[in-house]
Amino acid sequence: MDSLIVIAAFICGFAARQLGQPPLVGYLVAGFGLGMAGLEPSASIQTIADAGIAMMLFIIGLKLDIRSLLRPEIYRSTLENGLSFGLVGFCFLLFLGLLGLPLVSDITLQQAALVAFALSFSSTVCAVSMLEERGEFRVRHGQVAVGILIVQDIIAVLFLTASTGKIPSAWALLLPLLLFARPLFGYLLRASGHDEVLILAGIILTFTGSALFEAVGMKADLGALVFGMLVSGDRKAGELAKSMISFKDIFLIGFFLNIGLSASPSLDMLGIALLLCLLLPLKWGIFFLLLSRYRMRARTALLASLALAQYSEFGLIVAALSLELGWLTQSWMATLAIAVSISFVLSTLINGRSHPLYSRYRERLKRFETSLATDDDPQCPARNVEVLIVGMGRVGSGAYDTVE
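Quick note, the sequence shown lines up with residues 1316 to 1719 if you use this note's numbering.
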(Lines of atoms letter the chains of each structure in order from A and count residues from 1; the text may use other names and numbers.)
(Lines give C-alpha, C1' and ligand atoms only; values in the text may rest on other atoms or scores of the structure.)
Protein backbone atom coordinates (compact mmCIF):
# COMPACT_ATOMS: atom_id res chain seq x y z
CA MET A 1 0.00 0.00 0.00
CA ASP A 2 2.84 2.40 0.81
CA SER A 3 4.33 1.76 -2.64
CA LEU A 4 1.04 2.88 -4.22
CA ILE A 5 1.19 6.10 -2.19
CA VAL A 6 4.76 6.76 -3.35
CA ILE A 7 3.83 6.16 -7.01
CA ALA A 8 0.84 8.50 -6.73
CA ALA A 9 3.03 11.15 -5.10
CA PHE A 10 5.55 10.91 -7.95
CA ILE A 11 2.92 11.12 -10.69
CA CYS A 12 1.16 14.13 -9.17
CA GLY A 13 4.42 15.86 -8.19
CA PHE A 14 5.79 15.34 -11.71
CA ALA A 15 2.60 16.70 -13.25
CA ALA A 16 2.72 19.78 -11.01
CA ARG A 17 6.34 20.43 -12.00
CA GLN A 18 5.46 20.18 -15.70
CA LEU A 19 2.73 22.76 -15.15
CA GLY A 20 5.24 25.13 -13.53
CA GLN A 21 3.92 24.65 -9.99
CA PRO A 22 5.74 23.60 -6.80
CA PRO A 23 5.67 19.78 -6.53
CA LEU A 24 4.08 19.96 -3.08
CA VAL A 25 0.85 21.07 -4.79
CA GLY A 26 0.92 17.70 -6.53
CA TYR A 27 1.59 15.89 -3.27
CA LEU A 28 -1.45 17.50 -1.68
CA VAL A 29 -3.55 16.53 -4.70
CA ALA A 30 -2.21 12.96 -4.47
CA GLY A 31 -3.13 12.80 -0.80
CA PHE A 32 -6.65 14.08 -1.45
CA GLY A 33 -7.12 11.62 -4.31
CA LEU A 34 -5.92 8.67 -2.27
CA GLY A 35 -8.05 9.78 0.67
CA MET A 36 -11.15 9.95 -1.52
CA ALA A 37 -10.29 6.45 -2.77
CA GLY A 38 -10.54 5.17 0.79
CA LEU A 39 -6.89 4.97 1.83
CA GLU A 40 -5.97 6.04 5.36
CA PRO A 41 -2.72 7.50 6.75
CA SER A 42 -0.25 4.84 7.83
CA ALA A 43 2.19 4.92 10.73
CA SER A 44 5.13 4.93 8.32
CA ILE A 45 3.83 8.02 6.49
CA GLN A 46 3.34 9.79 9.82
CA THR A 47 6.90 8.94 10.88
CA ILE A 48 8.26 10.29 7.60
CA ALA A 49 6.18 13.46 8.03
CA ASP A 50 7.52 14.06 11.54
CA ALA A 51 11.09 13.56 10.31
CA GLY A 52 10.53 16.07 7.51
CA ILE A 53 9.27 18.74 9.90
CA ALA A 54 12.24 18.17 12.23
CA MET A 55 14.72 18.48 9.35
CA MET A 56 13.04 21.63 8.07
CA LEU A 57 13.38 23.27 11.48
CA PHE A 58 16.99 22.14 11.83
CA ILE A 59 17.85 23.71 8.46
CA ILE A 60 16.06 26.92 9.47
CA GLY A 61 18.24 26.99 12.59
CA LEU A 62 21.35 26.54 10.44
CA LYS A 63 20.46 29.64 8.44
CA LEU A 64 19.59 31.87 11.38
CA ASP A 65 21.48 35.14 11.62
CA ILE A 66 20.04 36.85 14.68
CA ARG A 67 21.57 40.23 13.82
CA SER A 68 19.88 40.40 10.42
CA LEU A 69 16.54 39.39 11.94
CA LEU A 70 16.67 42.33 14.36
CA ARG A 71 16.45 44.88 11.55
CA PRO A 72 13.12 46.79 11.76
CA GLU A 73 12.07 45.90 8.22
CA ILE A 74 12.36 42.24 9.17
CA TYR A 75 10.94 41.67 12.64
CA ARG A 76 8.61 44.67 12.86
CA SER A 77 7.07 44.17 9.43
CA THR A 78 6.57 40.48 10.26
CA LEU A 79 4.79 41.22 13.53
CA GLU A 80 2.75 44.12 12.16
CA ASN A 81 1.67 42.18 9.08
CA GLY A 82 0.77 39.16 11.19
CA LEU A 83 -1.39 41.25 13.52
CA SER A 84 -3.01 43.26 10.71
CA PHE A 85 -3.69 40.36 8.36
CA GLY A 86 -4.68 38.09 11.24
CA LEU A 87 -7.26 40.62 12.44
CA VAL A 88 -8.67 41.06 8.94
CA GLY A 89 -8.80 37.30 8.41
CA PHE A 90 -10.53 36.85 11.77
CA CYS A 91 -13.20 39.44 10.91
CA PHE A 92 -13.60 38.00 7.39
CA LEU A 93 -14.28 34.52 8.76
CA LEU A 94 -16.86 35.86 11.22
CA PHE A 95 -18.50 37.79 8.38
CA LEU A 96 -18.73 34.62 6.28
CA GLY A 97 -20.25 32.92 9.31
CA LEU A 98 -22.93 35.61 9.55
CA LEU A 99 -23.81 34.93 5.91
CA GLY A 100 -24.57 31.35 6.89
CA LEU A 101 -22.12 29.79 4.45
CA PRO A 102 -21.33 26.09 4.85
CA LEU A 103 -18.45 25.20 7.17
CA VAL A 104 -18.27 28.72 8.67
CA SER A 105 -21.88 29.09 9.80
CA ASP A 106 -21.04 27.57 13.18
CA ILE A 107 -17.42 28.70 13.48
CA THR A 108 -16.35 29.66 17.00
CA LEU A 109 -14.18 32.62 17.95
CA GLN A 110 -11.34 30.24 18.83
CA GLN A 111 -11.53 28.48 15.47
CA ALA A 112 -11.66 31.78 13.58
CA ALA A 113 -8.59 33.01 15.47
CA LEU A 114 -6.67 29.79 14.78
CA VAL A 115 -7.51 29.78 11.07
CA ALA A 116 -6.58 33.46 10.74
CA PHE A 117 -3.31 32.78 12.57
CA ALA A 118 -2.51 29.86 10.25
CA LEU A 119 -3.22 32.01 7.19
CA SER A 120 -0.94 34.81 8.38
CA PHE A 121 2.18 32.79 7.52
CA SER A 122 3.88 32.82 4.12
CA SER A 123 5.42 29.74 2.56
CA THR A 124 9.15 29.19 3.05
CA VAL A 125 9.14 26.33 0.53
CA CYS A 126 7.27 28.23 -2.19
CA ALA A 127 9.00 31.61 -1.76
CA VAL A 128 12.53 30.21 -1.55
CA SER A 129 11.90 27.97 -4.56
CA MET A 130 10.76 30.93 -6.66
CA LEU A 131 13.65 33.14 -5.53
CA GLU A 132 16.25 30.45 -6.23
CA GLU A 133 14.73 29.66 -9.61
CA ARG A 134 15.06 33.31 -10.67
CA GLY A 135 18.51 33.71 -9.11
CA GLU A 136 17.22 36.30 -6.61
CA PHE A 137 17.86 34.49 -3.34
CA ARG A 138 20.93 36.60 -2.46
CA VAL A 139 19.71 39.98 -3.71
CA ARG A 140 18.17 42.65 -1.49
CA HIS A 141 14.48 41.76 -1.80
CA GLY A 142 15.28 38.04 -1.61
CA GLN A 143 17.13 38.44 1.68
CA VAL A 144 14.34 40.59 3.13
CA ALA A 145 11.73 38.00 2.17
CA VAL A 146 13.80 35.14 3.62
CA GLY A 147 14.38 37.08 6.85
CA ILE A 148 10.64 37.62 7.27
CA LEU A 149 9.99 33.95 6.58
CA ILE A 150 12.47 32.90 9.25
CA VAL A 151 10.86 35.18 11.85
CA GLN A 152 7.47 33.70 10.94
CA ASP A 153 8.88 30.19 11.32
CA ILE A 154 10.23 31.06 14.77
CA ILE A 155 6.80 32.37 15.81
CA ALA A 156 5.20 29.16 14.55
CA VAL A 157 7.67 27.02 16.50
CA LEU A 158 6.99 29.01 19.67
CA PHE A 159 3.26 28.45 19.15
CA LEU A 160 3.79 24.73 18.60
CA THR A 161 5.82 24.56 21.79
CA ALA A 162 3.42 26.58 23.95
CA SER A 163 0.24 24.94 22.65
CA THR A 164 1.14 21.49 23.95
CA GLY A 165 0.29 22.67 27.46
CA LYS A 166 3.05 20.58 28.96
CA ILE A 167 5.15 21.90 31.82
CA PRO A 168 8.84 21.14 31.16
CA SER A 169 10.64 19.08 33.75
CA ALA A 170 13.32 20.52 36.02
CA TRP A 171 15.94 19.01 33.69
CA ALA A 172 14.98 21.64 31.10
CA LEU A 173 16.86 24.20 33.21
CA LEU A 174 20.09 22.49 32.11
CA LEU A 175 19.44 23.04 28.39
CA PRO A 176 21.43 26.34 28.29
CA LEU A 177 24.51 24.20 28.99
CA LEU A 178 24.23 23.05 25.37
CA LEU A 179 26.05 26.27 24.46
CA PHE A 180 29.23 24.65 25.74
CA ALA A 181 28.72 21.82 23.25
CA ARG A 182 29.01 24.14 20.23
CA PRO A 183 32.75 23.50 19.74
CA LEU A 184 32.10 19.75 19.83
CA PHE A 185 29.29 20.01 17.27
CA GLY A 186 31.47 22.18 15.04
CA TYR A 187 34.33 19.69 15.22
CA LEU A 188 31.91 16.88 14.38
CA LEU A 189 30.81 18.66 11.20
CA ARG A 190 34.31 19.62 10.08
CA ALA A 191 35.64 16.12 10.68
CA SER A 192 32.76 14.60 8.68
CA GLY A 193 34.15 15.83 5.37
CA HIS A 194 31.97 16.69 2.40
CA ASP A 195 30.12 13.48 1.54
CA GLU A 196 27.28 11.44 3.01
CA VAL A 197 28.98 11.36 6.42
CA LEU A 198 28.29 15.09 6.76
CA ILE A 199 24.62 14.52 5.96
CA LEU A 200 24.44 11.73 8.54
CA ALA A 201 25.99 14.05 11.11
CA GLY A 202 23.27 16.61 10.40
CA ILE A 203 20.53 13.99 10.66
CA ILE A 204 21.96 12.76 13.98
CA LEU A 205 22.03 16.31 15.36
CA THR A 206 18.45 16.84 14.19
CA PHE A 207 17.01 13.82 15.94
CA THR A 208 19.27 14.16 18.98
CA GLY A 209 17.89 17.65 19.54
CA SER A 210 14.31 16.44 19.03
CA ALA A 211 14.73 13.51 21.42
CA LEU A 212 16.50 15.58 24.07
CA PHE A 213 13.86 18.31 24.18
CA GLU A 214 11.04 15.78 24.17
CA ALA A 215 12.70 13.95 27.07
CA VAL A 216 12.57 17.10 29.23
CA GLY A 217 8.92 17.78 28.40
CA MET A 218 9.38 20.32 25.62
CA LYS A 219 8.32 20.27 21.97
CA ALA A 220 10.60 18.00 19.93
CA ASP A 221 10.47 20.40 16.95
CA LEU A 222 11.96 23.16 19.08
CA GLY A 223 14.92 20.89 19.85
CA ALA A 224 15.66 20.47 16.15
CA LEU A 225 15.58 24.25 15.67
CA VAL A 226 17.86 24.90 18.68
CA PHE A 227 20.42 22.31 17.58
CA GLY A 228 20.49 23.95 14.16
CA MET A 229 21.11 27.32 15.79
CA LEU A 230 23.96 25.86 17.85
CA VAL A 231 25.96 25.10 14.70
CA SER A 232 24.70 28.02 12.58
CA GLY A 233 27.92 30.00 13.04
CA ASP A 234 30.21 27.19 11.91
CA ARG A 235 31.83 27.37 8.48
CA LYS A 236 30.25 24.01 7.58
CA ALA A 237 26.71 25.18 8.36
CA GLY A 238 25.99 26.44 4.85
CA GLU A 239 27.31 23.28 3.22
CA LEU A 240 25.32 21.11 5.62
CA ALA A 241 22.12 23.04 4.91
CA LYS A 242 22.54 22.59 1.16
CA SER A 243 23.30 18.89 1.59
CA MET A 244 20.24 18.24 3.75
CA ILE A 245 17.67 20.18 1.72
CA SER A 246 16.94 17.29 -0.66
CA PHE A 247 16.46 14.89 2.24
CA LYS A 248 14.19 17.39 3.97
CA ASP A 249 12.09 17.79 0.82
CA ILE A 250 11.76 14.01 0.44
CA PHE A 251 10.59 13.54 4.02
CA LEU A 252 8.20 16.51 3.85
CA ILE A 253 6.34 14.68 1.08
CA GLY A 254 4.97 12.49 3.86
CA PHE A 255 3.54 15.54 5.62
CA PHE A 256 1.66 16.81 2.56
CA LEU A 257 0.40 13.32 1.71
CA ASN A 258 -0.76 12.87 5.29
CA ILE A 259 -2.89 16.00 5.11
CA GLY A 260 -4.71 14.80 2.02
CA LEU A 261 -5.12 11.26 3.33
CA SER A 262 -6.69 12.54 6.53
CA ALA A 263 -9.70 14.19 4.88
CA SER A 264 -11.86 14.08 1.79
CA PRO A 265 -12.44 17.54 0.26
CA SER A 266 -15.91 18.66 -0.76
CA LEU A 267 -17.30 21.44 -2.92
CA ASP A 268 -18.09 23.42 0.23
CA MET A 269 -14.43 23.22 1.30
CA LEU A 270 -13.32 24.30 -2.18
CA GLY A 271 -15.68 27.27 -2.11
CA ILE A 272 -14.46 28.48 1.30
CA ALA A 273 -10.84 27.96 0.22
CA LEU A 274 -11.42 30.16 -2.84
CA LEU A 275 -12.97 32.84 -0.64
CA LEU A 276 -9.94 32.71 1.67
CA CYS A 277 -7.69 33.27 -1.34
CA LEU A 278 -9.46 36.59 -1.93
CA LEU A 279 -7.42 37.86 1.03
CA LEU A 280 -4.08 37.25 -0.75
CA PRO A 281 -3.96 40.70 -2.44
CA LEU A 282 -4.48 42.20 1.01
CA LYS A 283 -1.54 40.22 2.40
CA TRP A 284 0.64 41.54 -0.43
CA GLY A 285 -0.63 45.10 0.07
CA ILE A 286 0.10 45.12 3.81
CA PHE A 287 3.62 43.80 3.28
CA PHE A 288 4.26 46.34 0.51
CA LEU A 289 3.09 49.30 2.59
CA LEU A 290 5.07 48.18 5.65
CA LEU A 291 8.29 47.59 3.73
CA SER A 292 7.90 50.94 1.97
CA ARG A 293 7.50 52.64 5.35
CA TYR A 294 10.71 50.99 6.51
CA ARG A 295 12.77 52.97 4.00
CA MET A 296 12.83 50.47 1.17
CA ARG A 297 12.55 51.34 -2.48
CA ALA A 298 9.28 50.57 -4.24
CA ARG A 299 10.92 47.92 -6.41
CA THR A 300 12.46 46.09 -3.45
CA ALA A 301 9.22 46.31 -1.45
CA LEU A 302 7.14 45.08 -4.39
CA LEU A 303 9.32 42.08 -5.22
CA ALA A 304 9.71 41.06 -1.56
CA SER A 305 5.99 41.40 -0.81
CA LEU A 306 4.97 39.45 -3.92
CA ALA A 307 7.32 36.63 -2.88
CA LEU A 308 5.41 36.47 0.43
CA ALA A 309 1.89 36.61 -1.04
CA GLN A 310 0.78 33.04 -0.42
CA TYR A 311 -0.30 30.81 2.45
CA SER A 312 2.15 28.52 4.18
CA GLU A 313 2.88 24.86 4.77
CA PHE A 314 3.83 25.99 8.28
CA GLY A 315 0.25 27.16 8.69
CA LEU A 316 -0.78 23.60 7.91
CA ILE A 317 1.58 22.34 10.61
CA VAL A 318 -0.06 24.74 13.08
CA ALA A 319 -3.49 23.57 11.91
CA ALA A 320 -2.45 19.91 12.21
CA LEU A 321 -1.48 20.43 15.85
CA SER A 322 -4.74 22.30 16.47
CA LEU A 323 -6.60 19.34 14.97
CA GLU A 324 -4.69 16.95 17.23
CA LEU A 325 -5.63 19.04 20.27
CA GLY A 326 -9.28 19.22 19.22
CA TRP A 327 -9.25 22.95 18.49
CA LEU A 328 -10.01 22.58 14.77
CA THR A 329 -12.09 20.08 12.84
CA GLN A 330 -10.92 17.79 10.04
CA SER A 331 -12.98 19.85 7.58
CA TRP A 332 -10.99 22.98 8.38
CA MET A 333 -7.74 21.09 7.99
CA ALA A 334 -8.73 20.03 4.48
CA THR A 335 -10.02 23.51 3.62
CA LEU A 336 -6.74 25.11 4.66
CA ALA A 337 -4.79 22.57 2.61
CA ILE A 338 -6.87 23.45 -0.47
CA ALA A 339 -6.38 27.19 0.16
CA VAL A 340 -2.61 26.70 0.50
CA SER A 341 -2.50 24.75 -2.78
CA ILE A 342 -4.46 27.42 -4.66
CA SER A 343 -2.30 30.17 -3.18
CA PHE A 344 0.85 28.41 -4.43
CA VAL A 345 -0.53 28.30 -7.96
CA LEU A 346 -1.52 31.98 -7.87
CA SER A 347 1.79 33.02 -6.30
CA THR A 348 3.81 31.19 -8.94
CA LEU A 349 1.85 32.86 -11.73
CA ILE A 350 2.06 36.40 -10.33
CA ASN A 351 5.74 36.18 -9.35
CA GLY A 352 6.59 35.11 -12.87
CA ARG A 353 5.34 38.56 -13.93
CA SER A 354 6.75 40.54 -10.99
CA HIS A 355 9.41 42.46 -12.95
CA PRO A 356 7.09 43.44 -15.83
CA LEU A 357 4.52 44.52 -13.23
CA TYR A 358 7.03 46.87 -11.64
CA SER A 359 8.06 48.28 -15.02
CA ARG A 360 4.43 48.94 -15.87
CA TYR A 361 3.42 50.57 -12.58
CA ARG A 362 6.78 52.06 -11.57
CA GLU A 363 5.67 55.66 -11.24
CA ARG A 364 2.59 54.79 -9.18
CA LEU A 365 4.56 52.50 -6.88
CA LYS A 366 7.29 55.08 -6.32
CA ARG A 367 4.75 57.33 -4.63
CA PHE A 368 4.91 55.03 -1.62
CA GLU A 369 8.67 55.49 -1.17
CA THR A 370 9.86 57.58 1.75
CA SER A 371 12.46 60.31 1.31
CA LEU A 372 14.96 58.17 3.23
CA ALA A 373 14.58 55.13 0.98
CA THR A 374 17.63 56.03 -1.07
CA ASP A 375 19.88 56.03 2.01
CA ASP A 376 19.15 52.46 3.14
CA ASP A 377 18.49 50.94 -0.28
CA PRO A 378 20.74 52.79 -2.74
CA GLN A 379 20.72 52.27 -6.48
CA CYS A 380 23.88 52.20 -8.55
CA PRO A 381 23.06 53.65 -11.98
CA ALA A 382 25.37 52.48 -14.74
CA ARG A 383 26.37 55.74 -16.43
CA ASN A 384 29.61 56.60 -18.19
CA VAL A 385 31.00 53.11 -17.79
CA GLU A 386 32.79 50.73 -20.14
CA VAL A 387 31.10 47.38 -20.68
CA LEU A 388 32.89 44.22 -21.82
CA ILE A 389 30.67 41.50 -23.28
CA VAL A 390 32.32 38.09 -23.52
CA GLY A 391 30.62 35.97 -26.17
CA MET A 392 28.11 37.11 -28.79
CA GLY A 393 25.58 34.30 -28.62
CA ARG A 394 21.88 34.75 -27.91
CA VAL A 395 22.42 36.30 -24.47
CA GLY A 396 25.52 38.28 -25.45
CA SER A 397 23.85 39.73 -28.54
CA GLY A 398 20.81 40.78 -26.53
CA ALA A 399 23.03 42.41 -23.90
CA TYR A 400 24.99 44.24 -26.62
CA ASP A 401 21.81 45.59 -28.24
CA THR A 402 20.51 46.78 -24.85
CA VAL A 403 23.77 48.50 -23.86
CA GLU A 404 24.19 50.10 -27.26
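Positions of the beta carbon are idealized from the N, C-alpha and C atoms, including for glycine.
In this text the structure is predicted, and so the values were computed from the model without any measurement.
How about residue i and residue j: are their beta carbons less than 8 Å apart?
i	j	result
L1409	A1433	no
L1379	I1518	no
L1520	V1546	yes
Q1269	L1638	Residue 1269 lies beyond the residue range present for the chain, which begins at 1316 and ends at 1719; the question has no answer from this structure.
F1474	V1633	yes
L1576	G1346	yes
L1372	V1472	yes
Y1673	L1664	no
E1684	A1613	yes
G1532	S1484	yes
L1504	D1468	no
S1662	Q1625	yes
F1436	F1629	yes
L1377	A1556	yes
V1430	W1647	yes
G1412	S1399	no
M1445	N1666	yes
L1594	F1407	yes
I1320	M1559	no
P1580	A1649	yes
H1509	E1554	yes
Could you round the C-beta distance between residue i and residue j to whole angstroms and report it? I think they count as a contact, below 8 Å.
i	j	result
S1627	V1655	7 Å
K1528	G1538	Looking at the sequence itself, residue 1528 is Phe, so the reference to Lys does not match. Yes, they are in contact, since the Cβ atoms of F1528 and G1538 sit about 3 Å apart, within 8 Å.
P1337	F1562	Contact flag wrong, Cβ pair sits at about 18 Å.
L1636	S1478	6 Å
G1367	G1569	6 Å
G1348	A1323	7 Å
I1653	L1585	6 Å
F1452	V1443	7 Å
G1462	S1383	6 Å
Who are the Cβ neighbours of residue i in its own chain at under 6 Å, not counting the five residues just before and after it?
i	result
D1583	P1417 and L1418
F1602	N1396, S1620 and L1623
S1268	With the chain covering 1316 to 1719 only, the question about residue 1268 has no answer from this structure.
K1551	L1504 and R1505
E1355	none
H1456	T1615, L1618 and A1619
L1490	none
Take residue i and list the residues in its own chain whose beta-carbon comes closer than 7 Å to its own, dropping the five residues that flank it on each side.
i	result
S1359	D1317
V1702	V1718
R1332	P1338
Q1425	W1642
G1401	A1431, F1432 and S1435
F1500	L1520, L1545 and V1546
I1363	F1566 and G1569
If I measure Cβ to Cβ from residue i and keep anything under 8 Å in the same chain, skipping five residues before and after, which residues do I get?
i	result
V1459	E1388, I1389, L1606, M1611, T1615 and A1619
Q1361	G1569 and N1573
I1657	A1588, L1589 and C1592
T1476	M1533, K1534, D1536 and L1537
L1515	S1507
Establish whether the CB of residue i and some CB of chain B are separated by less than 8 Å.
i	result
Q1625	Reference to chain B is not applicable here, since this structure consists of a single protein chain.
Touching by the beta-carbon criterion (3+ pairs, under 8 Å), the segment 1376-1388 and the segment 1603-1623: yes
Complete runs of the alpha helix (DSSP H) confined to the segment 1427-1460 [at least 4 residues]: 1439-1448
Contact between the segment 1552-1567 and the segment 1391-1407 (3+ Cβ pairs under 8 Å): no
Residue ranges of each alpha helix (DSSP H) within the segment 1494-1572, 4 or longer: 1497-1506, 1511-1530 and 1535-1545
Whole runs of the alpha helix (DSSP H) within the segment 1657-1690, excluding any shorter than 4 residues: 1669-1675 and 1677-1681
Inside the segment 1349-1431 only - alpha helix (DSSP H) runs reaching at least 4 residues: 1358-1378, 1381-1384 and 1387-1413
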